[in-house]
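In UniProt numbering, the protein residues as written are 1 to 333. See below for the structure under consideration.
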């Protein structure tokens with residue numbers, strides 16, 4: 001739906017002074033939900049209004065030229081009428097921003113709106129991108145992209161890990177930039193992992209992707225379903241089959257171990273729960289385990305250890321907040 005920006009600003013101003021009708025409130029809410037950039041614009045105007053709330057109505061800004069630049073970037077030419085008091089306060093508020101040194105960042109945002117999604121430790125998020133594609137963001141990750149996906153490509157920048165389900169658009173390829181690499185697709189699902197400096201992994205679940213370094217696009221791998229590409233220290237790319245059934249366990253919330261060495265089982269649990277597990281007995285590392293854990297069984301690491309340890313004759317204890325020690329079961333000193 002198309003909206004007149006001047007009318008939207010009027011609604012925002014009237015919301016601030018509690019004079020919106022129910023119909024107007026519905027229009028404003030629909031506009032806010034249509035695009036993340038609309039919400040940011042709304043928040044910015046409310047913030048500037050608050051900053052200017054204590055200013056005198058006869059205040060005359062000394063930064064007339066800066067205000068004119070600001071006004072031209074975000075609104076049509078103002079018209080006198082019932083809107084004028086609101087515009088006057090917005091003018092004062094914008095001047096406060098300019099005098100505070102925030103003009104450059106403010107202008108940059110409205111010219112090229114950007115969105116950044118961040119997850120904290122043990123937090124995941126699902127992001128619907130402007131083209132309808134989905135990004136499932138793992139913990140301690142950051143995903144950045146421009147609102148609207150303008151330009152020749154649908155570009156996203158990733159630090160951390162995300163699983164992508166990409167809608168097909170042959171005229172505008174989808175590109176993930178992570179570390180020193182870029183991954184280009186047309187329609188597929190795949191995982192990109194880039195936590196460690198200089199190391200990036202791309203694992204393909206369906207379709208195909210082109211995995212390459214940014215500096216040398218001639219050095220690239222075409223990865224198909226069931227394969228992954230790895231770049232270490234910004235050097236040579238290599239390809240190998242996906243052998244770990246739990247490589248996207250963080251997204252599926254399901255763990256599967258099929259005749260797997262206990263040392264590998266514990267490494268998987270460390271990654272999934274964000275803890276440290278120490279096997280004190282070298283021989284125990286070669287023990288093997290079979291088992292599957294569904295989402296309802298993965299509430300915490302201790303519940304999982306209670307299931308695994310008795311089957312391989314191990315005993316666990318906790319040391320500190322996130323460290324677990326495994327030793328052979330038997331009389332404890």
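For glycine and all other residues, C-beta sits at the position ideal for the given N, C-alpha and C.
Delimiting residues of the alpha helix (DSSP H) encompassing residue i
i           : result
residue 221 : Run containing residue 221: none in the alpha helix (DSSP H); it sits in the beta strand (DSSP E), 220-224.
residue 233 : Segment: none, residue 233 is in no alpha helix (DSSP H) and carries neither H nor E.
residue 251 : 249-252
residue 306 : 301-311
Among the options, the one whose alpha carbon lies nearest that of residue i
i           : options               : result
residue 124 : 7, 130, 138 and 247   : 138
residue 289 : 160, 196, 24 and 263  : 263
residue 254 : 237, 293 and 9        : 293
residue 121 : 148, 154 and 195      : 195
residue 128 : 163, 319, 151 and 152 : 163
residue 218 : 246, 322, 14 and 237  : 237
residue 28  : 10, 17 and 216        : 10
residue 246 : 272, 224, 239 and 16  : 272
residue 186 : 131, 8 and 20         : 131
residue 312 : 45, 240 and 291       : 291
residue 268 : 240, 8, 305 and 233   : 305
residue 321 : 315, 314, 118 and 302 : 302
residue 168 : 208, 15 and 319       : 208
residue 147 : 41, 249, 309 and 212  : 41
residue 152 : 38, 140 and 184       : 184
residue 226 : 233, 282, 240 and 16  : 240
residue 161 : 149, 136 and 114      : 136
residue 233 : 149, 114, 197 and 156 : 197
residue 32  : 18, 12, 19 and 220    : 12
residue 159 : 43, 319, 116 and 26   : 116
residue 235 : 310, 165, 16 and 220  : 220
residue 270 : 44, 300 and 19        : 300
residue 126 : 150, 114, 157 and 165 : 165
Assigned exposure category for residue i - 16 Cβ within 10 Å defines buried
i           : result
residue 189 : buried
residue 228 : buried
residue 278 : exposed
residue 154 : buried
residue 265 : buried
residue 206 : exposed
residue 317 : exposed
residue 133 : buried
residue 307 : exposed
residue 22  : exposed
residue 222 : exposed
residue 243 : exposed
residue 30  : exposed
residue 8   : buried
residue 213 : buried
residue 119 : buried
residue 141 : buried
Cβ separation of residue i and residue j, assumed to be a contact under 8 Å, to the nearest whole Å
i           : j           : result
residue 192 : residue 210 : About 13 Å; that fails the 8 Å criterion.
residue 181 : residue 143 : About 15 Å; that fails the 8 Å criterion.
residue 14  : residue 24  : 7 Å
residue 326 : residue 284 : 7 Å
residue 276 : residue 323 : 5 Å
Continuous beta strand (DSSP E) stretch holding residue i: start and end
i           : result
residue 359 : Because the chain in this structure spans residues 1 to 333, residue 359 falls outside the shown range and cannot be described.
residue 136 : 134-137
residue 26  : That residue, residue 26, is in no beta strand (DSSP E); its alpha helix (DSSP H) goes 22-34.
residue 272 : Counting along the chain, residue 272 falls outside any beta strand (DSSP E), though it belongs to the alpha helix (DSSP H) covering 262-273.
residue 175 : 174-178
residue 166 : Careful: residue 166 lies outside any beta strand (DSSP E) and carries neither H nor E.
residue 217 : Note, residue 217: premise wrong, no beta strand (DSSP E); not H, not E.
residue 326 : 323-328
residue 124 : First-last for residue 124: undefined, no H or E at that position.
residue 292 : 288-293
residue 187 : Element bounds for residue 187: n/a, residue is neither H nor E.
residue 276 : 276-279
residue 114 : 114-118
residue 314 : 314-319
residue 141 : Run containing residue 141: none; DSSP gives neither H nor E here.
Minimum Cβ-Cβ distance from residue i to chain C less than 9 Å
i           : result
residue 202 : Reference to chain C is not applicable here, since this structure consists of a single protein chain.
The region 193-202 in contact with the region 166-175 per 3-pair CB rule at 8 Å: Below 8 Å, too few C-beta pairs join the region 193-202 and the region 166-175 to call them touching: fewer than three.
Pairs of beta-carbons, one from the region 294-301 and one from the region 239-256, closer than 8 Å: are there three or more? Yes, the region 294-301 touches the region 239-256.
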